[in-house]
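Visitor: If you scroll down you'll find the structure; I have some questions about it.
Protein chains: 4
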Amino acid sequence: MVNVVVNGIGTIGKRVAEAVKKQDDMTLYGVSDVSAGQGLRTGLSPEGGFHGTDLYASNSEGKEQLEEDEMHVEGLLEDVLDEVDVVVDCTPPGIDKSNKENLYRPHGVKAIFQGGAPDDIAEVKFNADANYSEAVGEDFVKVVSCNTTSLSRTMSAVDEAFGVDEATANLVRRAGDIPQDGRGPVNSTIPVTEVPSHHGPDVQAVMPDLDIKTLAVKVPVTYGHVHMVTVELENEASEEDVLEAFRDQPRVNIESAGEGFDSTAKLHEKMRDLGRKRSDMPEAAVWEETVTVDDGTLYWIHMVHQESIVVPDSVDAIRAMFELESKEASIEKTNDSLGIE
Amino acid sequence: MVNVVVNGIGTIGKRVAEAVKKQDDMTLYGVSDVSAGQGLRTGLSPEGGFHGTDLYASNSEGKEQLEEDEMHVEGLLEDVLDEVDVVVDCTPPGIDKSNKENLYRPHGVKAIFQGGAPDDIAEVKFNADANYSEAVGEDFVKVVSCNTTSLSRTMSAVDEAFGVDEATANLVRRAGDIPQDGRGPVNSTIPVTEVPSHHGPDVQAVMPDLDIKTLAVKVPVTYGHVHMVTVELENEASEEDVLEAFRDQPRVNIESAGEGFDSTAKLHEKMRDLGRKRSDMPEAAVWEETVTVDDGTLYWIHMVHQESIVVPDSVDAIRAMFELESKEASIEKTNDSLGIE
Amino acid sequence: MVNVVVNGIGTIGKRVAEAVKKQDDMTLYGVSDVSAGQGLRTGLSPEGGFHGTDLYASNSEGKEQLEEDEMHVEGLLEDVLDEVDVVVDCTPPGIDKSNKENLYRPHGVKAIFQGGAPDDIAEVKFNADANYSEAVGEDFVKVVSCNTTSLSRTMSAVDEAFGVDEATANLVRRAGDIPQDGRGPVNSTIPVTEVPSHHGPDVQAVMPDLDIKTLAVKVPVTYGHVHMVTVELENEASEEDVLEAFRDQPRVNIESAGEGFDSTAKLHEKMRDLGRKRSDMPEAAVWEETVTVDDGTLYWIHMVHQESIVVPDSVDAIRAMFELESKEASIEKTNDSLGIE
Amino acid sequence: MVNVVVNGIGTIGKRVAEAVKKQDDMTLYGVSDVSAGQGLRTGLSPEGGFHGTDLYASNSEGKEQLEEDEMHVEGLLEDVLDEVDVVVDCTPPGIDKSNKENLYRPHGVKAIFQGGAPDDIAEVKFNADANYSEAVGEDFVKVVSCNTTSLSRTMSAVDEAFGVDEATANLVRRAGDIPQDGRGPVNSTIPVTEVPSHHGPDVQAVMPDLDIKTLAVKVPVTYGHVHMVTVELENEASEEDVLEAFRDQPRVNIESAGEGFDSTAKLHEKMRDLGRKRSDMPEAAVWEETVTVDDGTLYWIHMVHQESIVVPDSVDAIRAMFELESKEASIEKTNDSLGIE
């Protein structure tokens, strides 16, 4: 059993902690943080998703703060790292780099970083569907960001089946997550002036040969990014062929606007009706009606649930790094445990 | 065991069906509708909340539509009503009245109606905390609307403890529920020009002696109404006294802005972290810091989750009508089954 | 002097009426409608933008309704059409077609239609910058929609200067105009399932040789659509070259995010500070920082004020149809009168 | 002619500068700031509202910054204060207090402060309708905030006509102004946990005998606060009496939902159609249909345009301090110049 600590219990961290706890080939050894945010507090409470898990402090000041916040702290993360096999680091950008150099590397513990971490934090940028094998045996792996994950899943499916000559993917970002209600914009669309936007180069870290062009804007919604994608195909494909390729992808859902799932909010409601915890949707969701092939050009629009889409990949990264399972077996185990069909 | 059918599987109906299924003193005999909306479809699917429940058609046209929608229909609701003890009618306003006259009364089956139904549909307007006993033995009961339910719970707690001389309660309504994204307003506040707004008279149907004045506006949010309440107290009370009275109320939560739950979105996130299905919050949530007593005037602000707050009361109404349990016992049973502490 | 009637005083109609009134080579003979909406009522009031203009009824029922609305009606539009040279028809889709066949053609009066009209309503689809000359002498002209207008202006500038090999333009639509606050979505992004979205083919009606691919989504904002555009250039160009080509376009503004105009709302505020009536922005606004050339690919993001962008083109269409001025002279006259620099 | 400087050219400052420029009994001697925000930049540009006005720096660092921003600076505000009669200080809270002590008082120049300034900055809290005479001859006056201004206008009208025994006024705040799109909330309602909210005590600074209770929440809109008001009347009044009292108030508008002005957005559109600069609405707008009298209780809902409502009062404050006109004459002059009927 691989001993896992999740360091940084925010939006991603709390979800990864719960996901690790559900696996039968790894143990959630502990969670670690520097203060008691609501995710940590509720997660450790009797109704919470990782109740009973030991809480560690990521550093000494953090220990003091946690104790001031009236949390029971087992001790410093550093003091138990020798019993830990891998840390999933979900701390804010900047902290992750320092953790790697000062904590994980000196103690010889493997680590997985999230999409916000600097690119040079790990040689392997990871997406389970696109490049599982590259993480095998690695000590440090970066799971790519939510948007890059969705593009990697969908693009790799299309690329493997029909070849992608070139692609354009334009992103409509959510303003903030549901509880981040101090962030704008209210009634405004904000262009991302970094051009091309970072998710283009990021997906190339996973699929180096992909010719992809990306732009992005931010809008006043809280649940879900949306991508508008255009692809020049290398080989002929019908719309049904493409839908089939997406259906074969274990973490891409085809959703029908015609059956009522015609917006991000309607998909949110579907996740609620399915009883998904937090109404999360770790799958990328492609709207069926938008999948169109016209004279060699493939179009589609898909949605990304920014809070949860990287959670299964974070679990798979652990299996790859410790060579616990093959790609297919790991994806299946993770999907089963999280209710992904 | 009381045999229950839920007729009309929309926002409220799908929740009531799932809640009834969780009780050990009643049976979800079936659900009934006239077409296959997403709530019905997902609820009956293997991952859904009332999978395995028999589906009936509320009328002949509905049977045809459901079959066209490729649903398996057991038959017409009317044909099995003799085996049913009570129907929880969650159909749209207008239909409910016709159902009562043409279906439930002729077959001698009891029925519970929701807040949108006309007032004269049932003599008893019901809120479990405020007037459970009035529904005992009744054939027809109307559970009051979400806003009225929240006011009944909080006002009855204050009135019983300290006496309410007069009250003002102003409502900030949500635009639509999460999936009702075709509804506005976007970037606008809409005054309700019916003055006083209906929830004032409505709460008087439950608490006839209450002197309450109400106004309302609608704003661009999807999760939760908010009430701003001012009460002139008959007897002295400290803020701590009032908080104590609210804490004693089994379906009122005290939430602390200072601990991070400082908005409707932050409470939404708390329900997500707690793993509540659909991130529902059937409790009325009073913000602790807003509970203020100043020279005999009591102030508070509370939040109402419009989709779920009436669900426990609908279950209690069944117990009252069949004299299954006392008020306290029913509330406790319902709360336990729904995870309300 | 060309006698102009504006028929249909809604979002576009009220602006065109005011714009026509400001020209020195045409006369606003009258406005026409079938009921007294707020735009009509306020526009004819002493503080309004076309006070003193004669009001006609577009049909007999409309005359009754207008009189019921207590408006002073000069008579039926049909009865004065012989004195009218051109009608700018801003009526809802469907009505426009019927007006053409039953009113304008029988009376031999020219007409201009708006973007929502069916494509076969006029042979010439018009954008002043892209194809002014095609409208010369025509009897019926359709001014293309707001999004198509913005693409025609920017694409024609790039195409004339450097050649466009192929283009992708993805649109982020506003939910509704400022007063259309009954329309959603609230907190949701809605994909347009018509693929490619209509503005691709529409711009090809103006620029027949353009290879353009388009997708669209709708988001909860009220002031401004946004386009994310990628173009493969035929000839080399630097970013400065492209900015120069845009600056030379008389109805494209370059706006700097770095100077504080970093969103649609900030541009809205700029129009307010400039004292533009209704804070309108008839120019397409390209964000300077997004104009990027990378290995033959040109990127940019621009904003479209949906309510006003087609107003100057509607005025120019009149001049073209009556051969009043050359393209350059007409654009300059219209721009001067509307405060477009 | 009174020489006026406006110090701090933000949301309020830019409007006050333009308003002062329109008066015939005062001169806009200059504007002053510490950096070149967009309001300042656009206002001084050829198309701007105070083009040609001299620009001063509020302090030495500000001078450097303004010059770095490539603005032409006449000099330091301090160096010309001897030629200035009054400064309208629209600087951020904190700066205003320091300006009073270090700039205005030492130079013997009068000053007017805005609603965000500390209460002890001036003895007189000013609203033209409610207490014009108190500012006569004063050296320092604070114009009360936008919400307090709206309550002062409406409450003083009702109090003078019928007597106010007690009042409840609950506020639904906008998230941020149109260009403040970095501020939330998106899809959330935020209770103000300060109880009673400050606008209750603030209106008492203007109307000391008023018994008023206030609560507030914040919602995702940008144009306009809304107040829900309940008043116990001392003397009998019909709804028509109350409407008449409001109509007699020179800065309160009665707006009809039934005529189409049924939301804050529809009133925004009305201001646009009227050609008001920036679509400002300095009047408080009471929705006619909400004015209701029921058994001695008066209800109404009104809207406040937060950016512009205090502008006319700032101008009137100058006249009162220099005894230029009587209350009625000043209000009429200001209203005429600003297009307020």
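Protein chains in written order, with the numbering used here: chain A, 1 to 341; chain B, 342 to 682; chain C, 683 to 1023; chain D, 1024 to 1364.
Cβ coordinates follow ideal geometry from the N, Cα and C atoms, glycine included.
Cβ closer than 9 Å: which chain E residues qualify as neighbours of I254 (chain A)?
Guide: The structure shown contains no chain E; its protein chains are A, B, C and D.
Visitor: Work out the CA separation of D1152 (chain D) and D1105 (chain D) for me, nearest whole Å.
Guide: Counted from its first residue, the fourth sequence places residue 1105 (chain D) at position 82. Counted from its first residue, the fourth sequence places residue 1152 (chain D) at position 129. Those two C-alpha atoms are separated by around 31 Å.
Visitor: Along chain A, which residues have their Cβ under 8 Å away from the Cβ of D1204 (chain D)?
Guide: Sequence index remark: in the fourth sequence, residue 1204 (chain D) carries index 181 (1-based). Going along chain A in sequence order, the residues near D1204 (chain D) (Cβ under 8 Å) are G184, P185, V186, N187, S188, I190.
Visitor: Can you tell me whether S474 (chain B) is buried or exposed, with buried defined as 16 or more other CB within 10 angstroms of its CB?
Guide: For this step, residue 474 (chain B) is matched to residue 133 along the second sequence. Result: exposed.
Visitor: What runs of the beta strand (DSSP E), each 3 residues or longer, lie entirely inside the stretch 1216-1297 of chain D?
Guide: Counting whole runs of 3 or more residues, the stretch 1216-1297 of chain D contains the beta strand (DSSP E) stretches 1235-1242, 1248-1256, 1275-1278.
Visitor: Give me the chain C residues within the contact set of A257 (chain A), using Cβ-Cβ distance strictly less than 8 Å, ordered along the chain.
Guide: Locating residue 257 (chain A) in the first sequence gives position 257, where the first residue counts as 1. Result: P873, T875.
Visitor: At least one CB of chain C closer than 7 Å to the CB of A265 (chain A): is that the case?
Guide: Here residue 265 (chain A) refers to the residue found at position 265 of the first sequence. Answer yes: the Cβ-Cβ gap between A265 (chain A) and chain C drops below 7 Å somewhere.
Visitor: Tell me the DSSP secondary structure of T773 (chain C) in three-state form.
Guide: Start at 1 with the first residue of the third sequence, and residue 773 (chain C) comes out as number 91. Three-state DSSP puts T773 (chain C) in coil, outside helix and strand.
Visitor: Tell me which same chain residues have a C-beta within less than 7 Å of the C-beta of V1159 (chain D), skipping the five on either side of it?
Guide: To locate residue 1159 (chain D), count along the fourth sequence from 1; it is residue 136. Around V1159 (chain D): A1343, E1346.
Visitor: Determine the extent of the alpha helix (DSSP H) in which A502 (chain B) is found, giving its start and end residues.
Guide: Looking up residue 502 (chain B) in the second sequence gives position 161. Residues 487-503.
Visitor: One question on the structure: do V485 (chain B) and G456 (chain B) come within less than 7 Å of each other, judged by their Cβ atoms?
Guide: Working through the second sequence from its first residue, we reach residue 485 (chain B) at position 144. Working through the second sequence from its first residue, we reach residue 456 (chain B) at position 115. Contact flag set, yes.
Visitor: For P191 (chain A), does the three-state DSSP call read helix, strand or coil?
Guide: Counting from one through the first sequence, the residue named residue 191 (chain A) turns up at place 191. Note: P191 (chain A) maps to strand in three-state DSSP.
Visitor: Do V1028 (chain D) and V1107 (chain D) count as a contact pair if the criterion is CB distance below 7 Å?
Guide: As a first step, residue 1107 (chain D) must be located in the fourth sequence, where it is residue number 84. As a first step, residue 1028 (chain D) must be located in the fourth sequence, where it is residue number 5. In this structure, V1028 (chain D) lies closer than 7 Å to V1107 (chain D) by Cβ.
Visitor: Could I get the ranges of all uninterrupted alpha helix (DSSP H) runs contained in the stretch 376-444 of chain B, with 4 residues as the minimum, in chain order?
Guide: Runs of the alpha helix (DSSP H) inside the stretch 376-444 of chain B: 379-385, 401-409, 418-421, 436-440.
Visitor: Among all the DSSP beta bridges, which residues are the ones paired with I983 (chain C)?
Guide: Walking along the third sequence from the start, residue 983 (chain C) turns up at place 301. C:M910, per the DSSP bridge assignment.
Visitor: Determine the closest residue to D119 (chain A) out of A:V206, A:E160, A:P191, with distance taken between C-alpha atoms.
Guide: Numbered from its first residue, the first sequence carries residue 119 (chain A) at position 119. Nearest of A:V206, A:E160, A:P191 to D119 (chain A), Cα basis: A:V206.
Visitor: On the DSSP bridge assignment, give the partners of A167 (chain A) in chain order.
Guide: Position 167 of the first sequence holds residue 167 (chain A). DSSP, once it has assigned bridges, lists A:I212, A:V231 as partnering A167 (chain A).
Visitor: Using 8 Å as the Cβ pair cut-off and three pairs as the minimum, do the stretch 874-891 of chain C and the stretch 282-293 of chain A touch?
Guide: Contact between the stretch 874-891 of chain C and the stretch 282-293 of chain A is present, because at least three Cβ pairs lie under 8 Å.
Visitor: Kindly list, in the order they appear in chain A, the residues whose Cβ is closer than 9 Å to that of A1198 (chain D).
Guide: In the fourth sequence, the residue the question calls residue 1198 (chain D) occupies position 175. Under the 9 Å cutoff, chain A gives G184, V186, N187.
Visitor: Should the stretch 1177-1184 of chain D be regarded as contacting the stretch 527-534 of chain B, the criterion being three or more beta carbon pairs within less than 8 Å?
Guide: At 8 Å Cβ cutoff, the stretches do not touch.
Visitor: What is the DSSP secondary structure of G695 (chain C), reduced to helix, strand or coil?
Guide: One-based indexing of the third sequence puts residue 695 (chain C) at position 13. In the structure shown, G695 (chain C) sits in a helix (DSSP, three-state: H, G or I).
Visitor: Whose C-beta lies closer than 7 Å to the C-beta of E408 (chain B) among residues of the same chain, with five residues either side of it excluded?
Guide: Sequence index remark: in the second sequence, residue 408 (chain B) carries index 67 (1-based). Result list for E408 (chain B): V414, in chain order.
Visitor: Can you give the Cα-Cα distance for E325 (chain A) and E283 (chain A), rounded to whole angstroms?
Guide: Mapped onto the first sequence, residue 325 (chain A) falls at position 325. Mapped onto the first sequence, residue 283 (chain A) falls at position 283. Cα to Cα, the separation comes out at about 21 Å.
Visitor: Between which residues of its own chain and D262 (chain A) is the CB-CB distance below 7 Å, once the five residues before and five after are set aside?
Guide: Walking along the first sequence from the start, residue 262 (chain A) turns up at place 262. Result list for D262 (chain A): empty, nothing under 7 Å.
Visitor: Using CA coordinates, which residue listed in C:E805, C:P788, C:D771 is at the minimum distance from F795 (chain C)?
Guide: In the third sequence, the residue the question calls residue 795 (chain C) occupies position 113. Considering only alpha carbons, the answer is C:D771.
Visitor: Within the continuous beta strand (DSSP E) that includes V656 (chain B), where are the two ends?
Guide: Translated into positions along the second sequence, residue 656 (chain B) becomes position 315. From DSSP, V656 (chain B) is part of no beta strand (DSSP E) but of the alpha helix (DSSP H) over 652-662.
Visitor: When the Cα atoms are used, what is the spatial distance from R1295 (chain D) to N1154 (chain D)?
Guide: Counted from its first residue, the fourth sequence places residue 1295 (chain D) at position 272. Counted from its first residue, the fourth sequence places residue 1154 (chain D) at position 131. In a straight line, the C-alpha of R1295 (chain D) is about 31 Å away from that of N1154 (chain D).
Visitor: Which partner residues of K142 (chain A) appear in the DSSP bridge assignment?
Guide: On the first sequence, residue 142 (chain A) is found 142 positions in, with the first residue counted as 1. In DSSP, K142 (chain A) forms a bridge with A:F113, A:K125.
Visitor: Can you tell me the Cβ-Cβ gap for G616 (chain B) and K277 (chain A), rounded? I've got them flagged as a contact below 8 Å.
Guide: In the second sequence, residue 616 (chain B) corresponds to position 275, counting from 1. In the first sequence, residue 277 (chain A) corresponds to position 277, counting from 1. Contact holds; Cβ gap of about 5 Å.
Visitor: Spatial neighbours of K1045 (chain D) within its chain, please: C-beta separation below 8 Å, excluding the five flanking residues on both sides.
Guide: Reading the fourth sequence from its first residue, position 22 is the one you call residue 1045 (chain D). Once the five neighbours on either side are set aside, the close Cβ partners of K1045 (chain D) are S1360, L1361.
Visitor: Please list the partners that D543 (chain B) has in chain D, where partner means a Cβ-to-Cβ separation under 7 Å.
Guide: Numbered from its first residue, the second sequence carries residue 543 (chain B) at position 202. The contacting residues do not exist; D543 (chain B) stays about 16 Å from chain D at best.
Visitor: Could you check the C-alpha separation between N741 (chain C) and N685 (chain C) for me, to the nearest Å?
Guide: Looking up residue 741 (chain C) in the third sequence gives position 59. Looking up residue 685 (chain C) in the third sequence gives position 3. Distance between the alpha carbons of N741 (chain C) and N685 (chain C): 20 Å.
Visitor: Taking contact to mean 3 or more Cβ pairs, one atom from each stretch, closer than 8 Å, check whether the stretch 512-531 of chain B and the stretch 555-568 of chain B are in contact.
Guide: The stretch 512-531 of chain B, when compared against the stretch 555-568 of chain B, does touch it at the 8 Å Cβ threshold.
Visitor: Check whether the Cβ atoms of V1265 (chain D) and V1195 (chain D) lie closer than 7 Å to each other.
Guide: Position 242 of the fourth sequence, counted from the start, is the residue given in the question as residue 1265 (chain D). Position 172 of the fourth sequence, counted from the start, is the residue given in the question as residue 1195 (chain D). No; because the gap between Cβ atoms is not below 7 Å, this pair is not in contact.
Visitor: Are the Cβ atoms of V1338 (chain D) and S1173 (chain D) separated by less than 7 Å?
Guide: Residue mapping note: residue 1338 (chain D) aligns to position 315 of the fourth sequence, counting from 1. Residue mapping note: residue 1173 (chain D) aligns to position 150 of the fourth sequence, counting from 1. Not a contact, by the Cβ cut-off of 7 Å.
Visitor: Comparing alpha-carbon positions, which option in B:Q379, B:E573, B:W628 lies nearest N594 (chain B)?
Guide: The count along the second sequence starts at 1 and reaches residue 594 (chain B) at position 253. N594 (chain B) has its Cα closest to that of B:W628, out of B:Q379, B:E573, B:W628.
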